[in-house]
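See below for the structure under consideration.
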């Protein structure tokens, strides 16, 4: 009997902001943003800042009123720090899978094929807690038979608090249910143009 | 008929230019003329001022006190002598080498979870932690009672010994001049990591 492949996508929450917060515990529940080189644009936002409606890559001067009003803490980017923290996260992830594919500075695919799937959500929780404990970085875990679905599971795990940061989509019924809830544009690879075309048909 | 002309180009833009208070002295600056004979003195004074400001910024930022171990440190194996040193009395048995020792091996069990923190203050003198010592902190170790921990207390990183009185957690200082802190519910308290070693220069 061939096993269903199982892929987990582990993605760090607001990665640059989380890196800064590890060393500034006083900012854990405060609005924080990280700026691009030369402090021009906002390149990372804490959930509090996202909730204020500040979009990714917004020039700082456009939201200066929000920064003043809500006392958003700004950080210049410190890429040496982010690279180091990323390396730590990936090193921890390596202990959970024989096959780790580092996809970007803050996300990795883990091949979990063969892990007892009764406990797969618990395994995801273990990953999440180990990363947080060892590095201080909060992550979400999406688990599914393909990378695209794992991405989607991760999106849902981030979006819905009830998942507690881990969502397993290996079950067909649950997958169908989620796909009905999520706009097509959130699926990996469905960009602006494809979305437009999908809406026409 | 002609309204006031609002130029579309040129002129001052809001937010442009040097920000107020963004100078190296932490306040706004202005250009002045200085008698030539005094230039050297004034420059020296300014350098001093700049240094002061940098110091004050550095000490207010917690991050400056947390450093990160080198990613791929070179291995430096130093011969390890097996005999113990009895305070300045060299033992004749020390003249052979048992094995070599790499300090990274000794001090860092889990590189991914290890951070270096510079200690401040004298509250932990009794535990051998002096101001400016470097603490090796391992986040992966479970913080059990008796361990020395780095914790975030109302958002501020501090080093204390974890103790318990009944069901209450107590953060103990190791210096009679400092009081222990009882962790009450009102206190925002998170354990950041466990201190494994102190690096102290003598």
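Protein chains in written order, with the working numbering: chain S, 5 to 205; chain C, 10 to 211. Quick reminder that beta carbons are idealized off the backbone N, C-alpha and C, glycines included.
Do you know offhand how far residue i's Cα is from residue j's?
| i | j | result |
| --- | --- | --- |
| residue 141 of chain S | residue 161 of chain S | 16 Å |
| residue 25 of chain S | residue 44 of chain C | 48 Å |
| residue 120 of chain C | residue 54 of chain C | 44 Å |
| residue 151 of chain S | residue 190 of chain S | 14 Å |
| residue 145 of chain C | residue 181 of chain S | 48 Å |
| residue 129 of chain S | residue 211 of chain C | 45 Å |
| residue 67 of chain C | residue 55 of chain S | The predicted position of residue 67 of chain C is uncertain, since its pLDDT is 43 and thus under 50; no value can be drawn from it. |
| residue 196 of chain S | residue 191 of chain C | 55 Å |
| residue 123 of chain C | residue 62 of chain S | 35 Å |
| residue 87 of chain S | residue 32 of chain S | 21 Å |
| residue 139 of chain C | residue 205 of chain C | 15 Å |
| residue 201 of chain C | residue 161 of chain C | 6 Å |
| residue 56 of chain C | residue 33 of chain C | 10 Å |
| residue 136 of chain C | residue 84 of chain C | 29 Å |
| residue 200 of chain S | residue 193 of chain S | 13 Å |
| residue 106 of chain S | residue 58 of chain S | 28 Å |
| residue 52 of chain C | residue 96 of chain S | 51 Å |
| residue 125 of chain C | residue 36 of chain S | 24 Å |
| residue 150 of chain C | residue 203 of chain C | 6 Å |
| residue 49 of chain C | residue 116 of chain C | 48 Å |
| residue 183 of chain C | residue 62 of chain C | 32 Å |
| residue 155 of chain S | residue 120 of chain S | 21 Å |
| residue 67 of chain S | residue 73 of chain S | 10 Å |
| residue 87 of chain C | residue 175 of chain S | 56 Å |
| residue 199 of chain C | residue 85 of chain S | 22 Å |
Is there a C-beta anywhere in chain C that falls below 8 Å from the one on residue i?
| i | result |
| --- | --- |
| residue 45 of chain S | no |
| residue 15 of chain S | no |
| residue 209 of chain S | The structure shown does not extend to residue 209 of chain S, since chain S spans only 5 to 205, so no value can be given for it. |
| residue 149 of chain S | no |
| residue 129 of chain S | no |
| residue 11 of chain S | no |
| residue 92 of chain S | yes |
| residue 137 of chain S | yes |
| residue 88 of chain S | yes |
| residue 74 of chain S | no |
With 8 Å as the threshold, decide whether the Cβ of residue i is near any Cβ in chain S.
| i | result |
| --- | --- |
| residue 194 of chain C | no |
| residue 116 of chain C | no |
| residue 35 of chain C | no |
| residue 75 of chain C | yes |
| residue 161 of chain C | yes |
| residue 201 of chain C | yes |
| residue 40 of chain C | no |
| residue 56 of chain C | no |
| residue 121 of chain C | yes |
| residue 68 of chain C | Note on residue 68 of chain C: pLDDT 39, under 50, position unreliable in the model; the coordinate value appears next. False, the Cβ-Cβ gap to chain S never drops below 8 Å. |
Got a sec: does the ligand NAD put a non-hydrogen atom nearer than 7 Å to the Cβ of residue i?
| i | result |
| --- | --- |
| residue 41 of chain S | Absent from the structure shown: the ligand NAD. Ligands present: none. |
Can you confirm whether residue i, when its beta carbon is compared against all beta carbons of chain A, has any partner nearer than 8 Å?
| i | result |
| --- | --- |
| residue 109 of chain C | No chain A appears in this structure, whose protein chains are S and C. |
ask   = Do the stretch 75 to 89 of chain S and the stretch 37 to 53 of chain S touch if we need at least three Cβ pairs shorter than 8 Å?
value = Flag = yes, the stretch 75 to 89 of chain S and the stretch 37 to 53 of chain S touch.
inquiry  = Threshold first: 3 residues or longer. Then list the beta strand (DSSP E) segments lying entirely within the stretch 124 to 203 of chain C, N to C.
reply    = Fully enclosed beta strand (DSSP E) runs of 3 or longer: 143 to 147, 157 to 162, 165 to 174, 177 to 181.
Chain-ordered residues of the stretch 127 to 144 of chain C with a beta carbon less than 9 Å from chain S = none
task = State whether the stretch 134 to 149 of chain S contacts the stretch 168 to 184 of chain S, with contact taken as three or more CB pairs (one from each stretch) at a distance under 8 Å.
result = yes
task = For the stretch 106 to 152 of chain S, list the alpha helix (DSSP H) runs that are entirely contained and at least 4 residues long, ordered along the chain.
result = 124 to 139
query = Does the stretch 166 to 173 of chain C come close enough to the stretch 38 to 46 of chain S to have 3 or more Cβ pairs within less than 8 Å?
reply = The answer is no - the stretch 38 to 46 of chain S does not touch the stretch 166 to 173 of chain C, with fewer than three Cβ pairs under 8 Å.
Under 9 Å (Cβ pairs) to chain S, residues found in the stretch 163 to 186 of chain C = 163, 164, 165, 166
inquiry  = To be precise: take each residue of the stretch 145 to 159 of chain C, compare its Cβ to all Cβ atoms of chain S, and keep it if any distance is under 8 Å. Which residues remain?
reply    = 148, 149
key: Touch test, the stretch 153 to 165 of chain C against the stretch 115 to 134 of chain S, Cβ-Cβ under 8 Å, three pairs minimum   = no
request  = Using a Cβ-Cβ cut-off of less than 7 Å, list which residues of the stretch 20 to 32 of chain S approach chain C; keep chain order.
outcome  = 27, 28, 29, 30
ask   = Should the stretch 104 to 119 of chain S be called in touch with the stretch 6 to 16 of chain S, which here means at least 3 C-beta pairs below 8 Å?
value = yes
task = Return the chain-ordered ranges of every beta strand (DSSP E) run that is complete within the stretch 65 to 99 of chain S and spans a minimum of 3 residues.
result = Those beta strand (DSSP E) runs which fall completely within the stretch 65 to 99 of chain S and span 3+ residues are 77 to 80.
key: Residues from the stretch 91 to 112 of chain S in contact with chain C, defined by Cβ distance under 7 Å   = Result list: 91, 92, 95, 96.
ask   = According to a CB-to-CB cut-off of less than 8 Å, which residues of the stretch 166 to 181 of chain S neighbour chain C?
value = Those residues of the stretch 166 to 181 of chain S placed with their C-beta closer than 8 Å to a C-beta in chain C do not exist.
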